Amino acid sequence: MTRRTAPGVSALLLMLATSAPTAAAEPARGSFRYDPVDDATHLVPERYRMPARDFDYALAPRYELPHANVAVFDLTFPSAVKSAVPANDTVHAEFFLPKGASAGAKVPGVVMLDILDGRGHVARAESVWLAQHGVASLFVYMAHYGPRRPAGSPIRLLSPNVEQTMAGIRQTVLDCRAATAWLAARPEVNADKLGFVGTSLGSIVGANVAAAEPRLKNVCLLLPAGGLVDALYDHPQAKPYTGLLDLVGGKEGLKRIVAPIDPLTYAPQLRQRNLLMVAATRDDVLPPSAARALWEACGRQTIVWVDGTHVGAAANIVPAMRAVTDHVSR
């Protein structure tokens, strides 16, 4: 099904709630159990499988948004993966909880990933919106982002070092699988109503997350793409590098290299999810043809087209987030 929305108001409207700092307190500490769902039955890719294990965690109040009726917490737990950067091996996340959620009044919950910029503005705005509308959101920092990247570290999630990039995305996916187990164990969260929301880069990595974690049933990919090489190889900004890419076999060689992280690779798994895509009609970064290719491969599930470029799509954030809220609340 295809829907189109009229332009909405600026995303800045989501940030009008005034935050109130929470008095410093000792973090609540505990442990949670990660038990994989039947990975073979759910076609979980081998690279994203993880054995059962226990994780220790710490949860500390961050701030409250009194006008939005939202409480925000900082969550940390150890990554199941060891990288070359010790700081990267602690998972950091921000938990946005609707006031009033409790064991007797459970709410749906989502795992959230941010955009390439990684400063959290988009993920926090989306998380506040969701929590205002009765959905808990766990914004997880991707590998080598935010507090996971110490000052001076040259390592980034995305880099010309393909092996390093693949390792970082795999670590992020496994961290999100563990985060899903934490979210499912929260007394305020309905473990039968778990989902995923990711925007731009967060939707690309998120397609991998959704394919790897069957508990994330209601999946929302905003500004997504599938068939990454076809989408980006002829992009004007890629032209200076096409000569170098010929050294790895040109377009076809690059497709083989990128396949393990390309959302299109995981269309069979995404067909098993309740999928919503929000795409921009004039996207100048991830072309509309790439969103359409992913939509086709995933069984032509719901897609919302908003009028705008990749960045300009933010003008439609309100109708887009209404669609997301409805989708993850099912």
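Numbering (mature numbering (1 follows the signal peptide of the UniProt record, and there is no 0)), first residue to last: -24 to -1, 1 to 306.
Note that CB positions come from ideal geometry on N, CA and C, so glycine has one too.
Please read these numbers as outputs of a predicted model, since none were measured by experiment.
Pair within 7 angstroms by beta-carbon distance, residue 31 and residue 8: Along the sequence shown, one-based indexing puts residue 31 at 55. Along the sequence shown, one-based indexing puts residue 8 at 32. In this structure, the beta-carbon distance from residue 31 to residue 8 falls below 7 angstroms.
Residue range of the beta strand (DSSP E) that includes residue 44: In the sequence shown, the residue the question calls residue 44 occupies position 68. First-last for residue 44: undefined, no H or E at that position.
Span separating the alpha-carbon of residue -19 from that of residue 301: Here the question's residue -19 lines up with position 6 in the sequence shown. Here the question's residue 301 lines up with position 325 in the sequence shown. Its pLDDT being 40, under 50, residue -19 is placed unreliably by the model, and nothing is read from it.
Residue closest to residue 273, alpha-carbon to alpha-carbon, out of 138, 200 and 98: As a first step, residue 273 is located in the sequence shown; it is residue number 297 there, counting from the start. The option with the nearest alpha carbon to residue 273 is 200.
Three-way DSSP call (helix, strand, coil) for residue 137 in this model: As a first step, residue 137 is located in the sequence shown; it is residue number 161 there, counting from the start. Coil at residue 137, not helix or strand.
Sufficient close CB pairs (3 or more, under 8 angstroms) joining the segment 141 to 154 to the segment 178 to 192: Touching, yes.
7 angstroms CB neighbourhood of residue 62 in its chain, flanking five on each side removed: Your numbering for residue 62 matches position 86 in the sequence shown. Cβ within range, chain order: n/a, list empty.
Option nearest residue 230 by Cα separation, candidates 246, 207 and 117: As a first step, residue 230 must be located in the sequence shown, where it is residue number 254. Selection 246, 207 and 117 evaluated against residue 230 yields 207 as nearest (Cα-Cα).
Cβ separation of residue 178 and residue 193, assumed to be a contact under 8 angstroms, to the nearest whole Å: Reading the sequence shown from its first residue, position 202 is the one you call residue 178. Reading the sequence shown from its first residue, position 217 is the one you call residue 193. About 18 angstroms separates the beta carbon of residue 178 from that of residue 193, a gap too long to meet the 8 angstroms contact definition.
Residue environment, residue 303, which counts as buried when at least 16 other CB atoms sit within 10 Å: Your numbering for residue 303 matches position 327 in the sequence shown. Its Cβ being crowded by 16 or more others within 10 Å, residue 303 is buried.
Top-ranked residue by Cα proximity to residue 296, from 20, 173 and 266: Position 320 of the sequence shown holds residue 296. Selected option, being the one with the closest Cα: 173.
Same chain, Cβ closer than 6 angstroms to residue 95, five either side skipped, listed in chain order: Sequence index remark: in the sequence shown, residue 95 carries index 119 (1-based). So no residue of the chain qualifies.
Sequence-distant residues of the same chain with beta carbon closer than 6 angstroms to residue 196, five excluded per side: Here residue 196 corresponds to residue number 220 of the sequence shown, with the count starting at 1. Within its own chain, the residues whose Cβ lies closer than 6 angstroms to the Cβ of residue 196, once the five positions on either side in sequence are excluded, are 173, 252, 300 and 303, listed in chain order.
For residue 6: DSSP bridge partner residues: In the sequence shown, residue 6 corresponds to position 30, counting from 1. 33, per the DSSP bridge assignment.
Nearest residue (CA-CA) to residue 108, options 72, 127 and 64: If you number the sequence shown from 1, residue 108 lands on position 132. Measuring from the Cα of residue 108, the nearest candidate turns out to be 72.
Beta-carbon proximity of residue 69 to residue 116, cut-off 7 angstroms: As a first step, residue 69 is located in the sequence shown; it is residue number 93 there, counting from the start. As a first step, residue 116 is located in the sequence shown; it is residue number 140 there, counting from the start. Contact: yes.
Assigned exposure category for residue 162 - 16 Cβ within 10 Å defines buried: As a working note, residue 162 is residue 186 in the sequence shown. Residue 162 should be labelled buried.
Rounded straight-line distance, which links the Cα of residue 88 to that of residue 64: Taking the first residue of the sequence shown as position 1, residue 64 is located at position 88. Taking the first residue of the sequence shown as position 1, residue 88 is located at position 112. Between residue 64 and residue 88, the C-alpha separation is close to 18 angstroms.
Close-in-space but distant-in-sequence residues of the same chain around residue 123 (CB under 6 angstroms, 5 per side omitted): The residue labelled residue 123 in the question sits at position 147 within the sequence shown. Closer than 6 angstroms at Cβ, skipping near neighbours: 68.
Start-to-end residues for the beta strand (DSSP E) that takes in residue 252: Sequence index remark: in the sequence shown, residue 252 carries index 276 (1-based). Where residue 252 is concerned, the enclosing beta strand (DSSP E) stretches over 250 to 256.
Contact set for residue 44: own chain, Cβ-Cβ below 8 angstroms, skip 5 residues either direction: As a first step, residue 44 must be located in the sequence shown, where it is residue number 68. Result list for residue 44: -8, 104, 107 and 108, in chain order.
Same chain, Cβ closer than 6 angstroms to residue -12, neighbours up to 5 away in sequence not counted: Sequence index remark: in the sequence shown, residue -12 carries index 13 (1-based). Note that residue -12 has pLDDT 41, beneath the 50 cutoff, so the model's placement of it is unreliable and the number below is only indicative. Within the same chain, residue -12 has no close Cβ partners at all.
Integer Cβ distance of residue 203 from residue 290, believed to fall under 8 angstroms: Taking the sequence shown and counting its residues from 1, one reaches residue 203 at position 227. Taking the sequence shown and counting its residues from 1, one reaches residue 290 at position 314. Actually they are not in contact, since the Cβ atoms of residue 203 and residue 290 sit about 25 angstroms apart, beyond 8 angstroms.
Under the three-state DSSP convention, the category residue -22 falls into: On the sequence shown, residue -22 is found 3 positions in, with the first residue counted as 1. At residue -22 the pLDDT is 47, less than 50, meaning the model places this residue with poor confidence; the figure from the coordinates comes in the next sentence. In this structure, residue -22 counts as strand in the three-state DSSP scheme.
C-alpha distance - residue 245 paired with residue 78, whole-angstrom precision: Here residue 245 refers to the residue found at position 269 of the sequence shown. Here residue 78 refers to the residue found at position 102 of the sequence shown. Taking the straight line joining both Cα atoms gives about 32 angstroms.
Classification of residue 306 by the beta-carbon crowding that lies within 10 angstroms, buried from 16 upward: Residue mapping note: residue 306 aligns to position 330 of the sequence shown, counting from 1. If you draw a 10 Å sphere on the C-beta of residue 306, you find fewer than 16 other C-beta atoms in it, and that means exposed.
Closer than 7 angstroms to chain B by CB, residue 10: As a matter of chain content, chain B is missing from the structure shown, which is built from one protein chain.
Contained alpha helix (DSSP H) runs [length at least 4] in the segment 72 to 114, N- to C-terminal order: Whole alpha helix (DSSP H) segments, 4+ residues: 97 to 108.
beta-carbon residue 84 near the ligand FAD non-hydrogen atom, thresh 6 angstroms: Questions concerning the ligand FAD fall outside what the structure shown contains, since it holds no ligand whatsoever.
Candidates 2, 11 and 3, of which the one nearest residue 190 by Cα: Against the sequence shown, residue 190 aligns to sequence position 214. Here the closest residue by C-alpha is 11.
Residue 68 (DSSP reduced to helix, strand or coil): For the purposes of this step, residue 68 is taken as the residue at position 92 of the sequence shown. Shown here, residue 68 sits in a strand according to DSSP, grouped into three states.
Expected contact under 8 angstroms - CB spacing of residue 112 and residue 40 to nearest Å: Along the sequence shown, one-based indexing puts residue 112 at 136. Along the sequence shown, one-based indexing puts residue 40 at 64. The Cβ separation is near 15 angstroms, so there is no contact.
Integer Cβ distance of residue 154 from residue 56, believed to fall under 8 angstroms: In the sequence shown, the residue the question calls residue 154 occupies position 178. In the sequence shown, the residue the question calls residue 56 occupies position 80. Taking the Cβ atoms as the reference, residue 154 lies roughly 6 angstroms from residue 56, within the contact range of under 8 angstroms.
Residue 175: first and last residue of the uninterrupted beta strand (DSSP E) it sits in: One-based indexing of the sequence shown puts residue 175 at position 199. According to the DSSP assignment, residue 175 belongs to the beta strand (DSSP E) that extends over 165 to 175.
Through-space distance from residue 241 to residue 235, alpha-carbon basis: Numbered from its first residue, the sequence shown carries residue 235 at position 259. Numbered from its first residue, the sequence shown carries residue 241 at position 265. If you take the alpha carbons of residue 235 and residue 241, they lie about 6 angstroms apart.
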